[in-house]
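Structure, as structure tokens:
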Amino acid sequence: MNTKHALSVTFDDVLAARDRISPHINHPPQLRLPALCDIFGIDVVLQCENLQQTGSFKFRGASNAMELLLPDQRSRGVITYSSGNHAQAIARAAQIRNTAATVVMPDNAPAVKVAGVRRAGATIVQYNPATEDRESICNQIARDTGKTVIPPYNHPHVIAGQGTAALELIENAGSFDAILAPCGGGGLLSGTAISTKSLLPHCKVYGVEPSQADDAARSFATRTLCSVHHPQTIADGARTPSLGEHTFPVVMELVDGFYTVTEPQIAHAMRMLIEMCKLVVEPTGAVSLAGLIAQRAHWQGKRVGIVVSGGNVDLAKLPEYFALADQYRET
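The following block contains the structure:
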């Protein structure tokens, strides 16, 4: 892989992560649904990370990071901060390895994700996202207890693990003209770009963000790290304030562009995946498809891979999401 600058994660790291975590993770299917393809005029293949252990791609990165802990780090335990999917992934990965885990979670985190963390036996520390900084809380607890911090996206071992999703997509489904992945802090998108550009140099990689949480899209456009405070979007996995020191360089160097999508577009794509594809998907998991729908004229006749990132949806909110989907209008 030719890069202008040395990046903190390489394709060799992704390959090593694949070998390391393969016995522990699910290997979800790559689905091509003719009805979906006919609607868009695009050959669409879904990487169904909603069927991953703990319901999202996050289990890949969490497993890789946990596998690389030293024995004394495992004995002291781990801590992270997350709105839910990384929280569940760390909790479950720690449980499997008999390691204590603490998770700093917002007090408005989806109930289904909080329940998943509790099931795995992790300790939850709640905070108010409007007034408190989760990373500061996490780091203070780590200093007080000696626990190892495994952040949700800005960590080379996490990024390498996330890159195995696109690796599996390409190895099992073949070549693509483009691959789209949702972007919060950029761990999945960075891993996707590293794997894709290594295996398919011609393939375009696009990040997709909610328009109300578009820090990465603005960072990409300005080549300057931008942030957004407490973004209001149904895609809670994309509520991160900014890209990180590890993900920002990868995104700048290997990603080809960004799409932003509205809340009704996200809800519409989510309902389409549920109704047409019979996939239980959370709003963030539908963000990539929403981006493809919004840009479908550009990809007519092409083959596009979509990373469906997660399926941890609060079922009680489905009527709210479907009402929002009813506001969708094609442009």
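Note that the numbering used here has the sequence shown beginning at 271, numbered continuously upward.
The C-beta atom is built at its ideal place from N, Cα and C for all residues, glycine as well.
Task: Beta-carbon gap between Gln-322 and Ile-295 smaller than 8 Å - done: The count along the sequence shown starts at 1 and reaches residue 322 at position 52. The count along the sequence shown starts at 1 and reaches residue 295 at position 25. It is a contact, given that the beta carbons lie within the stated cut-off.
Task: Contact between the region 407-419 and the region 361-377 (3+ Cβ pairs under 8 Å) - done: yes
Task: Proximity to Tyr-351 [Cα-Cα], best of Ser-406, Ala-483, Pro-501, Phe-446 - done: Here residue 351 refers to the residue found at position 81 of the sequence shown. Here the closest residue by C-alpha is Ser-406.
TODO: Between the Cα of Asn-378 and those of Arg-404, Ala-359, Ile-360, spot the shortest distance and give me the residue it belongs to.
DONE: By 1-based counting over the sequence shown, the position of residue 378 is 108. The option with the nearest alpha carbon to Asn-378 is Arg-404.
Task: For Met-546, the three-state DSSP class (helix, strand or coil) - done: Counting from one through the sequence shown, the residue named residue 546 turns up at place 276. Reduced to three states, the DSSP call for Met-546 is coil.
Task: For Asp-313, the nearest candidate out of Asp-526, Ala-448, Gly-527 (CA to CA) - done: Along the sequence shown, one-based indexing puts residue 313 at 43. Comparing Cα-Cα distances from Asp-313 to each of Asp-526, Ala-448, Gly-527, the minimum goes to Ala-448.
Task: Backbone CA spacing between His-538 and Thr-494 [nearest angstrom] - done: Position 268 of the sequence shown, counting from 1, holds the residue named residue 538. Position 224 of the sequence shown, counting from 1, holds the residue named residue 494. Looking at the two C-alpha atoms, the distance is approximately 32 Å.
Open item on the list: Assuming Cys-473 is part of the beta strand (DSSP E), what are its boundary residues?
Closed with: In the sequence shown, the residue the question calls residue 473 occupies position 203. Unbroken run through Cys-473: none, as it is neither H nor E.
Task: Runs of beta strand (DSSP E) wholly within the region 422-477 (minimum 3 residues, chain order) - done: 448-452
Open item on the list: Using only CA atoms, which one of Val-348, Ser-497, Arg-566 lies nearest to Val-531?
Closed with: The count along the sequence shown starts at 1 and reaches residue 531 at position 261. For the residues Val-348, Ser-497, Arg-566, the minimum Cα distance to Val-531 belongs to Arg-566.
Open item on the list: As an exercise, report each continuous beta strand (DSSP E) stretch of at least 3 residues that is fully enclosed by the region 473-538, in chain order.
Closed with: 474-480, 527-531
Open item on the list: With three or more beta-carbon pairs closer than 8 Å as the criterion, would you say the region 541-557 touches the region 273-290?
Closed with: no
Task: Nonlocal neighbours in the same chain, by C-beta distance under 8 Å from Asn-272, ignoring five residues either side - done: For the purposes of this step, residue 272 is identified with residue 2 of the sequence shown, where counting begins at 1. Because the pLDDT of Asn-272 is 39, which lies under 50, any placement of that residue in the model is unreliable, and the question is left without a value.
Task: Backbone CA spacing between Thr-280 and Leu-459 [nearest angstrom] - done: For the purposes of this step, residue 280 is taken as the residue at position 10 of the sequence shown. For the purposes of this step, residue 459 is taken as the residue at position 189 of the sequence shown. One C-alpha to the other measures close to 14 Å.
- [ ] Determine the extent of the alpha helix (DSSP H) in which Gly-575 is found, giving its start and end residues.
- [x] One-based indexing of the sequence shown puts residue 575 at position 305. Counting along the chain, Gly-575 falls outside any alpha helix (DSSP H), though it belongs to the beta strand (DSSP E) covering 573-578.
- [ ] Go ahead and pull the three-state DSSP assignment for Asn-272.
- [x] As a position in the sequence shown, residue 272 is number 2, starting the count at 1. Annotation note: pLDDT 39 at Asn-272 (below 50); position unreliable, coordinate value reported separately. Of the three classes helix, strand and coil, the one that applies to Asn-272 here is coil, per DSSP.
Open item on the list: Looking at the secondary structure, which residues open and close the alpha helix (DSSP H) in which Pro-659 lies?
Closed with: Residue numbering for the chain in the displayed model covers 271 to 601; residue 659 lies beyond these limits and cannot be assessed.
Task: Complete beta strand (DSSP E) runs within the region 331-408 (minimum length 3 residues, chain order) - done: 348-351, 371-376, 393-397
Task: Element boundaries [alpha helix (DSSP H), containing Leu-316] - done: Taking the first residue of the sequence shown as 1, we reach residue 316 at position 46. Element bounds for Leu-316: not the alpha helix (DSSP H) but the beta strand (DSSP E), 313-318.
Task: Local conformation of Leu-562 per DSSP, three classes - done: Translated into the one-based positions of the sequence shown, residue 562 becomes position 292. Three-state DSSP puts Leu-562 in a helix.
- [ ] Taking all protein chains shown into account, decide if Asp-283 is buried (16 or more other Cβ within 10 angstroms of its Cβ) or exposed.
- [x] Along the sequence shown, read from residue 1 onward, the residue named residue 283 stands at position 13. The residue is buried, with at least 16 neighbouring Cβ atoms inside 10 Å.
Open item on the list: I need the DSSP call for Leu-301, collapsed to helix, strand or coil.
Closed with: Working through the sequence shown from its first residue, we reach residue 301 at position 31. Strand, per DSSP.
Task: Cβ contact (3+ pairs, closer than 8 Å) linking the region 477-497 and the region 427-444 - done: no
TODO: Could you check which residue in Glu-523, Ala-435, Tyr-598, Ser-512 has the C-alpha nearest to that of Gly-575?
DONE: Here residue 575 refers to the residue found at position 305 when the sequence shown is read from its first residue. Cα-wise, what sits closest to Gly-575 is Ala-435.
Task: The alpha helix (DSSP H) enclosing Asp-282, as first and last residue numbers - done: Looking up residue 282 in the sequence shown gives position 12. It spans 281-291 - the alpha helix (DSSP H) in which Asp-282 sits, taken as one unbroken run.
Open item on the list: Just to confirm before moving on: does the CB-CB distance between Tyr-240 and Ala-505 stay below 8 Å?
Closed with: With the chain covering only 271 through 601, there is no way to say anything about residue 240.
Task: Identity of the residue in Glu-545, Asn-409, Thr-401, Ala-359 nearest Gly-386 by Cα - done: Reading the sequence shown from its first residue, position 116 is the one you call residue 386. Considering only alpha carbons, the answer is Ala-359.
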